[in-house]
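Heads up: the sequence shown at position 350 corresponds to 497 in my numbering, and the numbers run straight through without jumps.
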Amino acid sequence: MVLSVSLAVPANGQMVKVPFDPSWTSLKKYTIPEWFKDAKFGIFIHWGVYSVPAYGGESYGEWYPYNMYRKGTKVYEYHIKHFGPQDKFGYKDFIPLFKGEHFDPVAWAKLFKKAGAKYVVPVAEHHDGFAMYKTSLSKWNAYDMGPKRDVIGELAKAIRSQGMVFGLSSHRAEHWFYFYNGRLIHSDVNDPKYQDFYGPAQEGGYDFPNHPESTVFLNDWLLRCTELVDRYHPQLFYFDEWIMRPRFVPYLKTFASYYYNHGAQWGKGVVINYKYTAFPKQAAVLDIERGKEIGIRKLAWQSDDSVAYNSWGYVKDMHYKSAQFLINELIDIVSKNGNLLLNVGPKSDGTIPKEQVELLLEIGKWLKINGEAIYGTRPWRIFGEGPTKSLGGDHIDRKTPPFTPQDIRFTTKNGKLYAIVMAVPLGATVIHSLPAGIKGEKVDRISLLGSRAKLKWVQDANGLTIQPVKKYPCKYAVTFKITFTKK
């Protein structure tokens, strides 16, 4: 039985008619807001209790609480060696150590603004069940424990003050099975005093059986989601993949209608991010984890990726990606009608590691020059050209080959074509997709974003050839702005 939530939205003391009801037929009428299609670049934040041990072992750092109870894993052994046995020092015991004493939401927001982000999505609750916000549904939260601050509320205010859109994410769905391994060993997961934190801790992994507790769990999930909507008014609500289980379907419909109707009341376009097939494609916005589409997708979509290959949350041995890699991923994704939601993982004290700060600032410098070719753009007739094979799918960040100066991506805006060369040209740039003779694509003018250099070019049967300049304005990728002769 799905817990009932009001589908009518109060306005000035009156119950007003709302545009969506909890059915796929109704929800498929959803329209992706223009702010999202224009934004292109956002920041994801994984910060929580898991940043205290700051160790990933064979998995990501935010999976420490799962693996610390899983016998035979590196994290299990690491935990015993550094903190003691799991029945003496459990995950809950990290909470007092999670102080966030240097957490400065204004400084974070200013950094993300300098990075060129248009929206920011902190994790409100991860699989571990510790809420990073003030909640009436659980005492296990950052307002009452640990930092003793409403982290999500403070970030919402700071992010909006910088002119960025505020969103948030919930990974609560995975909490059903997350601490099950603790049931199999001597651990505090088995102590009845902590059942309100460790949750159902049921067997099943990525299955969702018809368990007697499951309806209670699903109703609690729905209440937590609607509380986040009511309390913080996020314009984006991100879900991790486990909601695609069949038993979630009626709850997803109820939540989506509730959220979309409130967005209509606020007068702001809102977005739900889902993975795989959790929603019909017309009813929300697809997100691809650490991956991307192989070509242009008609509907706007998003890739969530991290600054590090080996974790989302902070770990001591972060394996960082290069600025070149991240900028190229942004360009490639945008050329295919997507957005990049790039994750950072702050330390437990609330500071963002300098390596992550430097990466964000490098992206910001590039966008300051080339943002015209990114923000507010739409795909061209093809996403690009060049010798490097375009990969598609999820979790492909380790497989993505480096791009070359012969790889070019296209975007359009206000009748202009932007040809972004994915590495600084070593010689002439040849755009084979623009040969002479194609109706409506006779080149009139070309400029180089960030430069006053006068370009020499020729358009013939081989394509558009642009001669190199002495100095390019960027060290990662350069953008040619192309104006066509009016018909």
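All residues carry an ideal CB built from backbone N, CA and C; glycine is no exception. None of the values given here were measured: they were computed from a predicted structure.
{"Query": "Buried/exposed call for Y423, threshold 16 Cβ in 10 Å", "Result": "exposed"}
{"Query": "Residue(s) in a DSSP beta bridge with R556", "Result": "G531, I567"}
{"Query": "Collapsed DSSP secondary structure at A520 in the structure displayed", "Result": "helix"}
{"Query": "V432 vs N490 beta-carbon contact at 9 Å", "Result": "no"}
{"Query": "Of the residues S450, E224, T612, the one placed nearest G189, counting alpha carbons only", "Result": "S450"}
{"Query": "Counterpart residues of L488 in DSSP-defined beta bridges", "Result": "G189, D451"}
{"Query": "Complete beta strand (DSSP E) runs within the segment 421-479 (minimum length 3 residues, chain order)", "Result": "432-436, 448-453"}
{"Query": "Range covered by the beta strand (DSSP E) that runs through F631", "Result": "625-631"}
{"Query": "Cβ-based burial, E248 [other Cβ within 10 Å; buried from 16]", "Result": "exposed"}
{"Query": "Cβ contact check for the segment 227-236 and the segment 503-523: 3 or more pairs under 8 Å", "Result": "no"}
{"Query": "Range covered by the alpha helix (DSSP H) that runs through W255", "Result": "252-261"}
{"Query": "L573 vs Q606 beta-carbon contact at 9 Å", "Result": "no"}
{"Query": "Cβ pair count under 8 Å reaching 3, the segment 334-341 against the segment 312-325", "Result": "no"}
{"Query": "Inter-residue Cα distance where the pair is F313 and T551", "Result": "35 Å"}
{"Query": "Reduced DSSP category for Y213 - H, G, I as helix; E, B as strand; rest coil", "Result": "helix"}
{"Query": "Three-state secondary structure assigned by DSSP to L174", "Result": "helix"}
{"Query": "Rounded C-alpha distance that separates R378 from Q553", "Result": "49 Å"}
{"Query": "Proximity below 9 Å, CB of E272 to CB of R394", "Result": "no"}
{"Query": "Residue of A262, Y211, F402, Y207 minimising C-alpha distance to L174", "Result": "F402"}
{"Query": "Beta-carbon proximity list for V577, same chain, < 6 Å, skipping 5 on both sides", "Result": "G610, T612"}
{"Query": "N-terminal and C-terminal residue of the beta strand (DSSP E) that V270 is part of", "Result": "266-272"}
{"Query": "Given 8 Å, three or more beta-carbon pairs between the segment 257-269 and the segment 284-291", "Result": "no"}
{"Query": "CB of K628 within 9 Å of CB of Y565, strictly", "Result": "yes"}
{"Query": "Rounded straight-line distance, which links the Cα of W389 to that of D168", "Result": "23 Å"}
{"Query": "Integer Cβ distance of G460 from H193, believed to fall under 8 Å", "Result": "4 Å"}
{"Query": "According to DSSP, residues forming a beta bridge with N288", "Result": "A278"}
{"Query": "Anticipated Cβ contact below 8 Å, Q382 with K415, distance rounded", "Result": "6 Å"}
{"Query": "Cβ pair D541, K468 closer than 9 Å", "Result": "no"}
{"Query": "Rounded separation between N486 and Y407 - CA only", "Result": "21 Å"}
{"Query": "C-alpha gap between I332 and Y216, whole angstroms", "Result": "7 Å"}
{"Query": "Cut-off 8 Å between Cβ atoms - residues of its own chain near G587, not counting five sequence neighbours on either side", "Result": "F631, K634"}
{"Query": "Rounded straight-line distance, which links the Cα of T373 to that of Y238", "Result": "27 Å"}
{"Query": "Enclosing beta strand (DSSP E) for D607 [first to last residue]", "Result": "604-607"}
{"Query": "Sheet register partners of G540 (DSSP bridge)", "Result": "K439"}
{"Query": "Neighbourhood of L595 by C-beta, 8 Å cutoff - its chain only, sequence neighbours within 5 removed", "Result": "L602, V616, Y619, P620, V625, T626, F627, K628"}
{"Query": "Residues that F386 bridges to, as DSSP identifies them", "Result": "S317"}
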